[in-house]
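Please read the structure below before turning to the comments.
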Amino acid sequence: MSARSGDRWLGPAMFLPAIAYILALVGVPLVLAVLYAFSDARIGTSGIHLVGFENFRSVLESPSFRKAIRNSIVFTLSAQAIVILCSNVLAMALEKPFRGRGLVRFVILLPWVAPVSLGTIGWKWILDSIYSVITWVLVALHVYKPYAAPMWLGEPRLAMASVVLVHCWRLIPFSTVIMLAGRTAIPKEIPEAAAIDGAGFWRTLFQINLPMMTPILSVAVLFGIIFTFTDMTVVYILTAGGPFDSTQTLPSLAFATGIAGSDLAAGAAISLFLVPVLVGVAYLMLRVAHRTEVV
Amino acid sequence: MAVVETRSLTKVFKEGTLGAVNDVSLATGEGEFLVFLGPSGSGKTTLLRMIAGLETPTSGAILIGGRDVTNLSPRERRIAMVFQSYALYPHLSVYNNIAFPLKAQKVPRDQHRKKVEWAAGLLGIGALLDRKPRELSGGERQRVALARAIVREPAVFLLDEPLSNLDAKLRTSARAELEQFQKRVGTTTIYVTHDQVEAMAMGDRVVVMDKGRVRQTGTPAEVYDEPADTFVATFLGSPPMNLVSGGGTITGFRPEHFLPALALADPGSVPMRFTFSHEEYLGAERILYGTLADGAFAGSKAVSRIASTHAGRFAKDSTYDFAVEKGRLKLFDAATGIRKA
Amino acid sequence: MARGTLREAGAKSVKALVLAFFVVALGFPFFWMVVATFKQNIDLYTVENNPFLFNLPPTLEHLRFLFVETRFVRWLGNTALVGVLVVAITLALAVPAAYALARLAGRWGERLGIAIFLTYLIPPTLLFIPLSRVVAVLGLQDSIFSVVLVYPTMTIPFSIWLLMGFFKSIPRELEDAAMVDGLTRFGAFVRMVVPVSVSGILTVVIFSFTLVTQEFVYALTFISPERNQMVGVGIPIYLVRGDVYYWGSLMAACLVASLPIAVVYNLFLDRFIAGFTVGSVK
Chain A
13 MSARSGDRWL GPAMFLPAIA YILALVGVPL VLAVLYAFSD ARIGTSGIHL
63 VGFENFRSVL ESPSFRKAIR NSIVFTLSAQ AIVILCSNVL AMALEKPFRG
113 RGLVRFVILL PWVAPVSLGT IGWKWILDSI YSVITWVLVA LHVYKPYAAP
163 MWLGEPRLAM ASVVLVHCWR LIPFSTVIML AGRTAIPKEI PEAAAIDGAG
213 FWRTLFQINL PMMTPILSVA VLFGIIFTFT DMTVVYILTA GGPFDSTQTL
263 PSLAFATGIA GSDLAAGAAI SLFLVPVLVG VAYLMLRVAH RTEVV
Chain B
49 MAVVETRSLT KVFKEGTLGA VNDVSLATGE GEFLVFLGPS GSGKTTLLRM
99 IAGLETPTSG AILIGGRDVT NLSPRERRIA MVFQSYALYP HLSVYNNIAF
149 PLKAQKVPRD QHRKKVEWAA GLLGIGALLD RKPRELSGGE RQRVALARAI
199 VREPAVFLLD EPLSNLDAKL RTSARAELEQ FQKRVGTTTI YVTHDQVEAM
249 AMGDRVVVMD KGRVRQTGTP AEVYDEPADT FVATFLGSPP MNLVSGGGTI
299 TGFRPEHFLP ALALADPGSV PMRFTFSHEE YLGAERILYG TLADGAFAGS
349 KAVSRIASTH AGRFAKDSTY DFAVEKGRLK LFDAATGIRK A
Chain C
35 MARGTLREAG AKSVKALVLA FFVVALGFPF FWMVVATFKQ NIDLYTVENN
85 PFLFNLPPTL EHLRFLFVET RFVRWLGNTA LVGVLVVAIT LALAVPAAYA
135 LARLAGRWGE RLGIAIFLTY LIPPTLLFIP LSRVVAVLGL QDSIFSVVLV
185 YPTMTIPFSI WLLMGFFKSI PRELEDAAMV DGLTRFGAFV RMVVPVSVSG
235 ILTVVIFSFT LVTQEFVYAL TFISPERNQM VGVGIPIYLV RGDVYYWGSL
285 MAACLVASLP IAVVYNLFLD RFIAGFTVGS VK
């Protein structure tokens, strides 16, 4: 590599602006978030008065918070499980070319490419307590009497299921696309060798294909976890955290407390609980990247 | 050990075009090492893949051990295949790679270790059982692929250019090992290659293919000394057979039979005077390039191959007395390329 | 051939079923948006009517309302303007940075690249509270420039990661030949590398633009006045009067805002995959 004297300052000159930008607008707020969590800041006050672990204590004691943490974990894990299953099945169906595949791909990608808020509003209309099309179909099939159908967003368990459903709906396209890339990366001779060795469909899938796709699978899962765990938009628009905090998640609670409730400090404290999960995910991603580099 | 037979096997990939394999009928002998030889695009790999069950024939039949397997999946055919890239399962250890066919065929677990160690021992890779494929050299990977193939004791081995991924030096020793291995286990083997040296060295018989058709089937000596047409004649042998045309007939003679007249003992030799152009010194032999001087073939390019023990020096543009033994001249029909005499 | 084709036919129908199921499950909300956009209110809000049929003739009223009597068009304009500015900032910062890290910084350039990528994992829902303060202090509260300032923090890390992989795949000989011909390193970068990287740069442009259209949290937090809002926040917040949802216009808005983005995104999809997978899996 030619390390010429001219290059020595050129490199830093070229990447320092980006790094400075990120340090200023990500690094500094990150530090501020920690500071706020230990202060009594509110919207409208200035300056930072540290109050120790006061915020954390009150947050941890609040039942809303405990519900929010539980929901965040439950929503994320159940959505991911469903998404992995569905995206694998869908990727297998999309693998080989067929007539109309481009159009099918376009439709399948819509949930992911449309803005989060807009897709969610679409679902809000579909799940509306009075005018839901699902309700209409179930009534028409005589599963429910008219006006006796459940309120999809109004009953706690159904509301939770609806939130998970919308997250899955959004993530399946993204995951499928990554799975497809993973599948096409498997050299075609390997499943052929497995077929000759005597493996049937299921054995080839579970003992050959999926293990070989593990790096890409991991990337899809880790990104999926981040997208669901740190999202507040779906909850905010679909249920606003209700009914009775049953669909509140860490990010949506942080917003409700910090911005809507003007209590910046408590909001910051709540949002800091995202950090352990983010650190864990970052660590796992680095492990995956390192392991595949060795290959 | 079983006989593989194809009957009028044809594979057409795109309707209206010439098939990749056209009406191929052949049969192996029991325990035979049969080589499919041909240039790329000749259909040899497609033929092999049809026998393996990885491609479905457009028409025709395939029989293994007398059983019609044309509609059977690969796992039902009791064959084993070694791919050009070896296709080892990268996430499994060598032991598990070799054991995989046993698992897939539901061989009882307690027999696995014994069989794997037997196969590994046969190929000298017993020490590598705990490694992963990415930690192995090319030659070692090839042996793992062979061990995986042999562990099921299949009826037929199918090998798709297994030596082409090895360095040239390794290739010769690997070739010898492969030959000995096959003789030891005695399994009927079909071997695909484009390298005629491999085909001649290893094959009991060679099937020479071009554009999806079989041009000639025979022992190495038969296809080399008595080629059926000009394609076979020029594909085998390096440098290829000299072909000169005149009067509706193509006359062929191999460079090693085209020698300075004095070197030939036989009085029945056909004289051909040779105008020398340039030569290549290859160590053990010398390749002489030039043109024929007289008669019906005057001006045609010719190549002679003489041992380096022949010390004679040749001057550019000088003409010399060369000759070919009468029995070594092959005559081909100019229109079809098929051998007449 | 009998057994083979029966198995094939079975596999084909399973595949078709799977595809049909997912096409319906994933596409239905958008189909439903189309239906609601053109249904008259009376039809829309009569529970007994079959929602799959147009019991009354379709109408353009919702579209008219949306474009004429709401700030929808202005939101679209705001979003487009912010998009263009954010793309410009992203390119200006990320392209040179990615080049420098890929070519000029050696081994710790690689590490720095990974560190930068990890900042992409820091979500808006963690930073939005302190950033709201920063924005207020800078006097950008309620202005579209608040998001113009903040969005690049999301686009730059991913773009650097994407472009690093891209630049690494360009053979060094290209710049070496240019420098032998007399260009400086920077000149070689501008005149040789950038033109060759058009597809990578285009991917960054599309990605950044779609990120701007998708974003919700920052826009909601920093901007209060309706006329300055982005389309992704304006629609769910302001097309609702009190507790009353104007579903017809809401669905029309969602449709109009989503489809062009979807079309553009689709054209560049394969590049994204390459970006995601090439970067993390060699």
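Residue numbers (the working numbering), protein chains in the order written: chain A, 13 to 307; chain B, 49 to 389; chain C, 35 to 316. Glycine included, each C-beta is placed from N, C-alpha and C at the ideal position.
In this structure C:V274 does not touch C:L254 by the C-beta definition: roughly 14 Å separates them, more than the 8 Å allowed.
Cβ proximity to chain A below 8 Å picks out K49, V52, L53, F56, V57, A59, L60, G61, F62, P63, F64, W66, M67, A70 from the region 48-72 of chain C. Shown in chain order are the members of the region 123-145 of chain B whose Cβ falls below 7 Å from a Cβ of chain A: R123, I127, A128, M129, F131, S133, A135, Y137, P138, H139.
By the Cβ test, the region 100-113 of chain C is not in contact with the region 152-166 of chain C, since fewer than three Cβ pairs between them sit closer than 8 Å. A Cβ-Cβ contact shorter than 9 Å links A:W164 with A:T147.
Contact with chain B is found for A:I208, since one of that chain's Cβ atoms lies less than 9 Å from the residue's Cβ. With a cut-off of 8 Å on Cβ pairs, the region 105-118 of chain B is not in contact with the region 256-274 of chain B, counting fewer than three such pairs. Between B:Q153 and chain A, the shortest Cβ-Cβ separation is below 9 Å. Residue range 251-256 is occupied by the alpha helix (DSSP H) that includes C:Y252. Along the region 92-108 of chain B, the positions whose C-beta sits under 7 Å from a C-beta of chain A are A100, L102, read in chain order. By the beta-carbon neighbour count (other beta carbons within 10 angstroms, threshold 16), C:L301 is exposed. Within a 10 Å sphere around the beta-carbon of C:N84 sit fewer than 16 other beta-carbons, which makes this residue exposed. Linking B:V192 to B:Y143 through their CA atoms gives a straight-line distance of about 9 Å. Taking C-beta atoms as the reference points, A:A280 and A:G273 fail to come closer than 9 Å. Only those residues of the region 193-214 of chain B whose C-beta falls short of 8 Å from the nearest C-beta of chain A are listed: R196, R200.
In this chain, the alpha helix (DSSP H) harbouring A:P203 covers 201-209. In the structure shown, the three-state DSSP call for B:T323 is strand.
The region 51-119 of chain A is shown to contain whole alpha helix (DSSP H) runs of 4 or more residues at 66-73, 75-106, in chain order. The shortest C-alpha to C-alpha distance from A:L298 to any of C:D77, C:I148, C:V48, C:V69 is the one to C:I148. For C:V81 and C:T93, the gap between their C-alpha atoms comes out near 19 Å. If you draw a straight line from the Cα of A:Q219 to the Cα of A:M104, it comes to about 16 Å. Assignment of beta-bridge partners to B:L379 by DSSP yields B:T299.
The region 176-190 of chain C makes contact with the region 231-250 of chain C, as at least three CB pairs between them are under 8 Å. Legend: CB atoms of the region 112-141 of chain A lying less than 7 Å from CB atoms of chain C belong to residues V116, F118, V119, I120, L121, L122, P123, V125, A126, P127, V128, S129, L130, G131, I133, G134, W135, W137, I138. As the crow flies, the alpha-carbon of C:S47 is around 28 Å from that of B:T94. For C:L110, the enclosing alpha helix (DSSP H) stretches over residues 106-133.
Taking a beta-carbon distance threshold of 9 Å, A:T261 does not count as an interface residue toward chain B. Distance between C:H96 and A:Q260, taken at the CA atoms: about 33 Å. At a cut-off of 9 Å, the C-beta of B:S121 has a neighbouring C-beta in chain A. The C-beta distance from C:L196 to C:T237 rounds to 6 Å, short enough to meet the 8 Å contact threshold. B:Y239 is classed as buried because its beta carbon has at least 16 other beta carbons within 10 Å across all chains shown. Residue pairing for B:V52: DSSP places it in a beta bridge opposite B:I112.
Put simply, the CB of A:A211 is far from chain C, with every gap to its CB atoms at 9 Å or more.
Residues of chain A with a Cβ closer than 7 Å to the Cβ of B:F84 do not exist, since the nearest Cβ in that chain sits about 18 Å away. Along the length of the region 251-306 of chain A, whole alpha helix (DSSP H) runs at least 4 residues long occupy 262-267, 276-284, 286-306, reported in chain order. Chain-order list of chain A residues neighbouring B:F148: D209, by C-beta distance under 7 Å.
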